[in-house]
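Here full-length UniProt numbering is used: the first residue of the sequence shown is 1, the next is one more, and so on.
Even glycine gets a Cβ: it sits at the ideal position worked out from N, Cα and C.
Right, one structure below, let's go through it.
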Amino acid sequence: MNNSNYSSWNISDEDFQDIRENKSMNNDSKYNGRIFFKDNEFTPGYELFKGSNQEQNCFQDSVSTIQEMTPLSRAYFNKNNTDKIQEQIINQIRLISNNEYNIGRQSDLQLQIIMRSIYLSYSKNNSSNIQQQINDLNTMVIEDCIKKIMPEIKQYLYYRKDISTSRYIPPHSINPSNNNKQLGNPLF
């Protein structure tokens, strides 16, 4: 059996006194939660599936199983166009948030899914004015991405705030009775 020296635990009777008297502890610090974040601390992204955040090079196959490749689909699902969309998403988030949020490159796989959906829903597939069609589709993709990213940023920031502050514990309930005096039977 291990003989522990309880005096070496550095817990004083005053600590227990604070607990017994229900005194609020550690209220003088704004960092009194479970996880401590500095205000502008960068946290690396979490990769749920290995390789899911890597750049994708197979955008050309996005619609090849559904329909024949056209000049519009070749130009729209081109690597240069996806890079352009990624840059515009980053710039638009920065612009909308007044330089408050600075995001990085988003998942190419998720972007490909959104691009494919927009392409299949809204592409005109005219052989003329392909660049204008690409610009219109890109605008729709960027708007759709921003509608998803902005609430996720706010949700993430609220989550960080929530896990870095202590939980609220309400005070003990108070007995509303009047010194244990009976008020009589309310049924009669």
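Length of the line joining the Cα atoms of residue i and residue j
i: serine 73; j: asparagine 138; result: 12 Å
i: methionine 115; j: cysteine 145; result: 10 Å
i: asparagine 80; j: methionine 140; result: 17 Å
i: glutamine 112; j: proline 170; result: 48 Å
i: methionine 69; j: isoleucine 90; result: 29 Å
i: glutamine 86; j: lysine 124; result: 23 Å
i: lysine 161; j: proline 151; result: 15 Å
i: aspartate 136; j: isoleucine 118; result: 10 Å
i: isoleucine 103; j: isoleucine 96; result: 12 Å
i: tyrosine 168; j: arginine 105; result: 37 Å
i: asparagine 78; j: leucine 120; result: 16 Å
i: glutamine 155; j: glutamine 88; result: 22 Å
i: asparagine 98; j: proline 176; result: 52 Å
8 Å Cβ shell around residue i - same chain, five flanking residues per side excluded
i: proline 71; result: Ser127, Ile130
i: asparagine 134; result: Per the sequence shown, the amino acid found at residue 134 is isoleucine instead of asparagine. Result list for isoleucine 134: Leu72, Ala75, Tyr76, Asn81, in chain order.
i: lysine 84; result: Asn138
i: isoleucine 149; result: Ile89, Ile93, Ile103, Gln106
i: residue 198; result: Shown here, the chain extends from 1 to 188; a query on residue 198 therefore has no answer.
i: tyrosine 122; result: Asp136, Leu137, Met140
i: isoleucine 174; result: none
Cβ-based neighbour list, residue i, same chain, cut-off 6 Å, excluding 5 preceding and 5 following
i: tyrosine 101; result: Ile93, Ile153
Backbone secondary structure at residue i - three-state DSSP
i: asparagine 138; result: helix
i: threonine 70; result: coil
i: isoleucine 85; result: helix
i: isoleucine 146; result: helix
i: arginine 167; result: coil
i: isoleucine 174; result: coil
Residue-chain proximity (residue i, chain C), Cβ-Cβ < 7 Å
i: tyrosine 159; result: This model lacks chain C altogether, as it is built from one protein chain only.
Sequence-distant residues of its chain with Cβ nearer than 7 Å to residue i (five each side left out)
i: isoleucine 142; result: Ile85, Gln88, Ile89, Gln92
- Quick one: which unbroken beta strand (DSSP E) runs of 3-plus residues sit fully inside the region 73-131? Chain order, please. Runs of the beta strand (DSSP E) spanning 3 or more residues and lying entirely within the region 73-131 do not occur at all.
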